[in-house]
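**Q**
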Amino acid sequence: MKNENENEINVGVVTSTYARSEDDCQVPWMRELIVQMKNYPCNIRVLAPAFKGLKSHSIDGVPVHRFRYAPKSIETLTHDEGAPNKVRSLFFQLLAIPYILMGALSVLWWCVKFKIQVLHVHWPFPHGLYAILPKYLLGVKIVAMSHGAELAIARRSRPVHKVLSWLLGSADVRCTNSSHTASEVARVSGCKDSVILPYGATVRCKSGTLEPLKKPLLLFCGRLVQRKGIDVLLNALPKVLESIDVDVVITGEGDRKLEWEKLSDELGLSEVVKFPGFVSDEELSRLYASCSIYVHPAIYDDNGDTEGLGVVLIEALSNKKPVIASNVGGIPDVIHNGETGLLVEEKNEQALTDAILKLLNNKTLCSELGEAGYLHVTRFFDWERIAKETYEVYASLTSTVELKINTYEKA
């Protein structure tokens, strides 16, 4: 399979979720990476499912090909909450059957039509199934990118564990978003050669002078799902308020939002804690710039899932803000305890309270952590470096170029 332009690599990015319009906030890190890849000789197309009948379109000048898998009214398996949360219902489990079948046929057709040389498959279960026919019939090279959710499913399902192990083992290159996810890939598949390709910040730093706040502001950004641990933060706040008056902003949407809003009211925090839902990038940039501390109380949820990396931590550090986060998943790749932030035990309300008060009472420490964190993310989570290493992965599969990026096995 040769490209009309011998120097350009035809890449198909396979994903369950992608922006549905220019102002959609879905998977911004994936979108940013694809934009960054325009600096390299790659012809990238996104291959993704439709949502409520959504037709193929373009985002940032990148073609986004949508495949249909159900009538428009029920075509909701992906986007918003995400499939891992939805497939707990029998309806969505049944909907996954046409999703996999139609996706596999569509991806095969796209590989033929657009002469795809490399399939960059995000969430190898189930999307690695889409790569089987292109790999063995057309010789397409497969990059399996794990983020963590699929590995959590494999921990509680033996059949999924076996399928995912085979899909990971059959990929030409395995990539992960953190060293934690790489260790999980090794546990599931026995493959210890994952290339670690993290994300960078997707929200630009706010420039200019901001109005000083009357009270310290604690900030959390992200989907309001169980593994974010917002109930731990809410339960810690009454003790914080006994010493220092603060405001708290918790952005995002998710299936736990109503539950956590109710908990906030029950704890008498309705005047302290605000749940504005999804906010614009401009407003998010302002919040990062204004906050006193960014707090990320992530946990292992009931299904064993947790943070694969935590791009919001990178965004907070890009704004030189002190960060408090749980010592789970891929978070320690970003937050080095006492150096680039503070790590606390998950689900430990007292430890979280103590860490918040420690920073609120020590502006010098806040400044030192913010500066050190900023240097860390600009060095290791830089988009130019991430895009360059991603291209090197593609080039190693389509030419005689040797892959020289450090892998989990070598790290």
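In the working numbering, the protein residues as written are 652 to 1062.
Just so it is clear, CB atoms sit at the ideal spot from N, CA and C, and this is done for glycine as well.
#1: Thinking just about the alpha-carbon of each residue, which of 716, 816, 884 is nearest to the one in residue 915?
#2: First and last residue of the alpha helix (DSSP H) that includes residue 661?
#3: Looking at residue 866: is its Cβ nearer than 8 Å to the Cβ of residue 896?
#4: Decide if residue 1050 is buried, meaning its Cβ has at least 16 other Cβ atoms within 10 Å, or exposed.
#5: What is the residue span of the alpha helix (DSSP H) that residue 972 lies within?
#6: With burial defined as no fewer than 16 other Cβ atoms inside 10 Å of the residue's Cβ, what is the status of residue 1041: buried or exposed?
#7: Can you find at least 3 beta carbon pairs, one from the segment 893-913 and one from the segment 831-846, that sit closer than 8 Å?
#8: Where residue 720 and residue 726 are concerned, what is the direct C-alpha to C-alpha distance, given to the nearest angstrom?
#9: Hey, how far is the Cα of residue 928 from the Cα of residue 935?
#10: How big is the Cα-Cα spacing for residue 1002 and residue 1008?
#11: Within its chain, find whatever has a CB closer than 7 Å to the CB of residue 1126; leave out the 5 residues flanking it on each side and keep chain order.
#12: For the putative contact between residue 669 and residue 686, defined by C-beta atoms under 8 Å, what is the C-beta separation to the nearest angstrom?
#13: Secondary structure at residue 935, three-state DSSP: helix, strand or coil?
#14: Can you tell me which of 798, 848, 873, 788 puts its alpha carbon nearest to the alpha carbon of residue 956?
#15: With DSSP as the reference, label residue 1061 as helix, strand or coil.
#16: My output table needs one value for residue 743: the three-state DSSP class, helix, strand or coil.
#17: Where does residue 844 fall in DSSP's three states?
#18: Are the CB atoms of residue 680 and residue 963 within a distance shorter than 8 Å?
#19: Helix or strand or just coil, what does DSSP make of residue 655?
#20: Using a Cβ-Cβ cutoff of less than 8 Å, which residues in the same chain neighbour residue 1044 once the five nearest sequence positions on both sides are dropped?
#21: Excluding the 5 residues flanking residue 655 on each side, which residues of the same chain have their C-beta closer than 7 Å to its C-beta?
#22: To the nearest angstrom, how far is the alpha carbon of residue 1019 from that of residue 989?
#23: Since I believe residue 951 is in contact with residue 979 (beta carbons under 8 Å), could you give me their beta-carbon distance rounded to a whole number of angstroms?
#24: Can you tell me which of 784, 776, 828 puts its alpha carbon nearest to the alpha carbon of residue 817?
#25: Please name the residue, chosen from 712, 759, 744, 749, that lies closest to residue 663 on a Cα-to-Cα basis.
#26: Consult DSSP for residue 807 and reduce its assignment to one of helix, strand or coil.
#27: Roughly how many angstroms separate the alpha carbons of residue 909 and residue 953, rounded to a whole number?
#28: Thinking just about the alpha-carbon of each residue, which of 822, 810, 948 is nearest to the one in residue 790?
#29: Taking the beta strand (DSSP E) that residue 947 falls in, what are its first and last residues?
#30: Output the distance between the C-alpha atoms of residue 854 and residue 994, rounded to the nearest integer angstrom.
#31: When you compare only the Cα positions, how much space is there between residue 1061 and residue 722?
#32: Consult DSSP for residue 812 and reduce its assignment to one of helix, strand or coil.
#33: Short of 7 Å in beta carbon distance, which residues of its chain neighbour residue 784, apart from the five on each side in sequence? Order them along the chain.
**A** Reading from the atomic positions:
#1: Considering only 716, 816, 884, the residue with the shortest C-alpha distance to residue 915 is 884.
#2: Element bounds for residue 661: not the alpha helix (DSSP H) but the beta strand (DSSP E), 660-665.
#3: yes
#4: exposed
#5: Segment: none, residue 972 is in no alpha helix (DSSP H) and carries neither H nor E.
#6: buried
#7: no
#8: 7 Å
#9: Distance between the alpha carbons of residue 928 and residue 935 is about 11 Å.
#10: 10 Å
#11: With the chain covering only 652 through 1062, there is no way to say anything about residue 1126.
#12: With a Cβ gap of about 13 Å, residue 669 and residue 686 do not count as contacting.
#13: helix
#14: 798
#15: Here residue 1061 scores only 40 on pLDDT, less than 50, and its place in the model is too uncertain to base an answer on.
#16: helix
#17: coil
#18: no
#19: Its pLDDT being 45, under 50, residue 655 is placed unreliably in this model, and the value from its coordinates should be taken loosely. Three-state result, residue 655: coil.
#20: 794, 824, 826, 846, 848, 1054, 1056
#21: Below a pLDDT of 50, predicted positions are generally treated as unreliable, and residue 655, at 45, falls in that range; the measurement from the model is reported next regardless. Result list for residue 655: empty, nothing under 7 Å.
#22: 10 Å
#23: 6 Å
#24: 776
#25: Closest by alpha carbon: 759.
#26: Residue state for residue 807 is assigned as helix, using DSSP reduced to three classes.
#27: 19 Å
#28: Closest option to residue 790, Cα to Cα, is 822.
#29: Residue 947: member of the beta strand (DSSP E) spanning 944-947, first to last residue.
#30: 23 Å
#31: Confidence at residue 1061 is low in this model, with a pLDDT of 40, below 50, so its placement is unreliable and no value can be given for it.
#32: helix
#33: Within the same chain, and ignoring the five residues on either side of residue 784 in sequence, the residues whose Cβ sits closer than 7 Å to its Cβ are 755, 759.
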